[in-house]
Amino acid sequence: MAVAADTAAVGAGDRGRPGWIRALTDDGTPLGPPEWVADLPAAVAERERESAPRWVWAVGEDDYGLLVRSGVRVARCHDVALTEAILLGREGRHEAPHLLGAAWARLRSLPVRPDPPRQAPEAQSALFGLDAAADAPDAEHRLEMLVDVYADQVRRIAAQERQAPGLRLLVAAESAGALVAAEIEADGVPWRVDVHDAVLTELLGPRPFGDARPAKLADLAVRVGEAFGFPPSRGFNPDSTPQVLRALRYAGFQISSTRAWELRQLGHPGVELLLEYKELSRLHAAHGWAWQDAWIRNGRFHPEYVVGGVVTGRWATRNSGALQIPRIMRRAVVADEGWKLVVADAGQLEPRVLAAVSGDVGLARAAGEGDLYAALAAEAFEGDRAAAKLGLLGAMYGQTKGGIGPLLAVLRSRFPAAMGFVEEAARAGEAGGMVHSRLGRTCPPPSRRWRAAVTGIGGDGADEGGGAGGGGVGLDGGGGPGEPGFDDGGPDGEGAESADFGRQSAQVARARGRFTRNFVVQASAAEWALVWLALLRRSLAALAAENPGSPAPHLAFFVHDEVVVHTPQELAAQVADAVAEAADGARLLVFGPTLVRFPLATAVVDCYADAK
DNA sequence: AGCCCTTGCGCG
DNA sequence: AAAGCGCGCAAGGGCT
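Shown next, in the form of structure tokens:
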């Protein structure tokens with residue numbers, strides 16, 4: 381009487397090993413009673429072999445992480461927490477709690493409590509997105525909650541079919557992203573500690589004891605101090621911005637900051653030393669020996685991704701700075717013996733995405749070429765590629781100064797649909813409205829502070845963006861994305877009357893306009909990349925299945941528009957093909973028929989640093 | 001000692 | 001040549 385289920389909900393038990401499984405139809409209707417299994421990873425692996433259902437779980441980061449650590453991989457999932465965040469975002473409630481407990485409470489019109497804080501990885505399996513309080517429901521009850529919330533999410537997605545037809549794909553891709561993230565975290569980036577050491581030693585001198593400054597930095601610090609007239613005994617610290625500022629002002633320079641580009645204009649002999657110090661100091665602090673101790677285990681760097689951690693849907697990382705690995709440190713990323721790295725970079729991704737989402741035929745034609753900027757330059761900028769690039773980037777970021785005006789004017793006249801698209805998004809943002817990505821991810825609404833600063837009223841009026849259970853919006857103070865710190869226009873209420881209130885409020889409004897202008901592009905680009913990743917993951921699994929005699933290739937790294945696959949050498953060519961096919965598949969799924977292409981710069985290398 | 005903010009730079 | 005999006009992270013420094 382085995383029923384082949386499309387979908388199966390899964391719940392981890394408190395100790396991680398036992399758990400519950402329940403077969404469902406794809407709309408969440410149970411096909412039978414919950415089934416207790418003594419060894420959850422083994423049971424999941426068995427069902428995966430039998431029917432490869434779409435697994436439903438509360439928090440992929442935890443639930444799938446547990447499975448992966450037990451050596452189990454699955455093909456598909458529905459991640460309730462990530463889905464809830466996307467659905468809440470469409471309601472303008474980005475800050476509302478989104479884990480299973482909160483989602484279920486909202487569904488039942490019960491009081492919604494804040495999401496529990498993240499726990500150490502060892503404790504994660506027990507959490508299941510719920511408070512570990514004394515009244516936390518047992519595993520079987522949690523499975524019921526999971527099934528209820530899943531069915532509700534399926535209904536909510538279906539209800540948005542007209543306004544957001546891409547939502548189903550977005551949820552699938554976001555969930556698949558969580559699979560990729562968990563697998564990369566477990567497999568890790570191949571990282572040669574000896575090479576890392578060699579690079580550090582070459583640049584900084586030998587590893588110092590404790591947290592002493594490495595020799596090269598100590599030496600530079602003294603020389604910088606001397607150059608600016610500090611006797612060595614005074615202990616000049618180039619890491620201290622106020623000290624550097626004082627020194628330079630004392631030397632007669634009018635300088636507003638110690639940013640590198642500003643220092644470079646000074647022409648003081650100490651500046652070069654200072655810049656060298658700053659560069660090396662940063663390398664040491666951010667990716668030096670301490671970082672190595674913390675993050676490299678057994679020749680692998682294990683980053684922690686936060687899927688959908690950025691408002692635009694880009695991934696973030698926790699603690700390791702994985703998305704900011706300095707180019708020079710990529711020399712330490714080396715394939716194992718007999719293996720290769722396939723490194724693929726989707727070049728000029730955002731302008732291509734703009735061409736696709738805006739439906740601008742002229743820009744799409746340029747984006748059908750290998751070098752979009754060159755094509756654009758030939759078409760509208762008399763062959764001046766630099767001008768074409770500057771103009772297009774300026775249009776996507778909302779640049780107004782630096783002589784960009786004429787370039788934007790050319791773009792407006794030649795590519796009205798593309799320019800109209802970003803300018804419409806900017807106007808919506810300035811007016812406090814919401815914008816959406818290609819697949820339906822929604823930008824956050826303006827904060828209370830933003831509205832107060834723009835309208836001059838209602839600094840703390842009724843603000844709850846509707847919705848049961850409200851909870852949690854909490855501190856609205858920091859200024860959200862697109863809302864860089866702005867002053868409240870004066871020490872007290874009379875700011876609203878002051879002469880420059882209008883100017884300030886326009887400035888604040890425009891800042892949000894730049895955010896929404898960029899959101900529609902960056903968020904759509906993130907979706908293309910997510911689908912690319914998901915399709916590639918599927919192809920790699922198929923490739924592994926076709927080559928049982930060979931170890932399996934695996935995704936090793938992902939940064940916004942770039943992937944690294946670690947593969948047995950004999951499969952490298954096929955992996956490179958798979959990467960390209962996935963890119964084209966993502967184009968079709970996300971954008972449908974379009975002239976736009978997403979060409980990749982792909983390299984098969986031993987060392988990441990050799991890819992570019 | 002620890003919190004919170006600012007600064008500056010790494011990445012895309 | 002410098003002002004235009006999204007982030008994470010470390011260090012300094014003011015505060016409690």
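Throughout the first sequence, residue numbering follows our numbering, covering 381 to 992 in sequence.
Glycine is no exception: its CB is placed at the ideal position from the N, C-alpha and C atoms.
Bear in mind that the values here come from a model prediction, so they are computed numbers and not experimental data.
Status (buried if at least 16 other CB within 10 Å, exposed otherwise) for residue i
i	result
Leu980	buried
Leu941	The identity of residue 941 in the sequence shown is Asp, whereas the question assumes Leu. Asp941 should be labelled buried.
Asp419	exposed
Gln887	exposed
Glu749	buried
Lys992	exposed
Ile837	exposed
Asp591	exposed
Pro586	exposed
Lys781	exposed
Gly469	buried
Ser793	exposed
Glu475	buried
Gly809	buried
Reference residue i, options the options, closest by Cα
i	options	result
Ser620	Ala757, Leu654 and Pro594	Leu654
Leu411	Pro433, Gly605 and Gly836	Pro433
Arg639	Tyr630, Arg831, Glu652 and Pro973	Glu652
Arg486	Arg498, Met525 and Pro497	Met525
Tyr657	Leu597, Arg427, Ala914 and Ala674	Leu597
Pro1020	Trp641, Ala476 and Lys720	The first residue shown for the chain is 381 and the last is 992, placing residue 1020 beyond what the model contains.
His459	Val602, Val901, Leu580 and Trp435	Reading the sequence as shown, one finds Asp at residue 459 and not His. Among Val602, Val901, Leu580 and Trp435, the Cα nearest to that of Asp459 is on Trp435.
Val944	Val714, Gly771, Ala736 and Arg603	Val714
Val604	Asp740, Ala631 and Ser431	Ala631
Val424	Val452, Leu646, Leu480 and Ser637	Val452
Arg677	Gly689, Asp567 and Arg745	Asp567
Gly763	Arg473, Ala746, Glu415 and Asp528	Ala746
Ala607	Ser637, Leu584, His648 and Leu580	His648
Pro414	Arg473, Leu447 and Val527	Val527
Glu926	Ser904, Ala905, Pro706 and Gln954	Gln954
Leu968	Pro928, Leu915, Pro931 and Leu404	Leu915
C-beta atoms of residue i and residue j nearer than 8 Å
i	j	result
Ala988	Val691	A quick correction: the sequence has Tyr, not Ala, at residue 988. In this structure, Val691 does not lie closer than 8 Å to Tyr988 by Cβ.
Leu743	Phe795	yes
Ile635	Arg626	no
Leu923	Ala966	no
Asp443	Val390	yes
Gly440	Val417	no
Met709	His667	yes
Asp407	Ala531	yes
Arg402	Ala388	yes
Ala956	Trp912	no
Ala736	Thr974	yes
Leu734	Val901	yes
Glu950	Leu550	no
Leu752	Gly771	no
His576	Gln704	no
Ala960	Thr982	yes
Arg732	Phe978	yes
Arg831	Ala712	no
Residue i in three-state terms, based on DSSP
i	result
Val976	coil
Pro948	strand
Lys769	helix
Lys720	strand
Arg456	strand
Arg402	strand
Glu942	strand
Pro649	helix
Ala981	strand
Arg470	helix
Arg434	strand
Gly774	helix
Ile676	strand
Val687	coil
Inter-stretch contact (C-beta, 8 Å, three-pair minimum) for the segment 815–824 and the segment 895–914: yes
Under 8 Å: do the segment 925–945 and the segment 558–573 share three or more Cβ pairs, one atom per stretch? yes
Should the segment 689–707 be called in touch with the segment 914–921, which here means at least 3 C-beta pairs below 8 Å? Segments in contact, no.
Are the segment 544–557 and the segment 465–473 in contact at 8 Å, needing three or more beta carbon pairs? yes
Counting beta carbon pairs with one atom in the segment 536–545 and one in the segment 674–689, are three or more of them shorter than 8 Å? no
Assess, as a yes-or-no matter, whether the segment 810–818 is touched by the segment 780–797 under the definition of 3 or more beta carbon pairs within less than 8 Å. In this structure the segment 780–797 does not lie against the segment 810–818, because fewer than three pairs of beta carbons, one per stretch, are closer than 8 Å.
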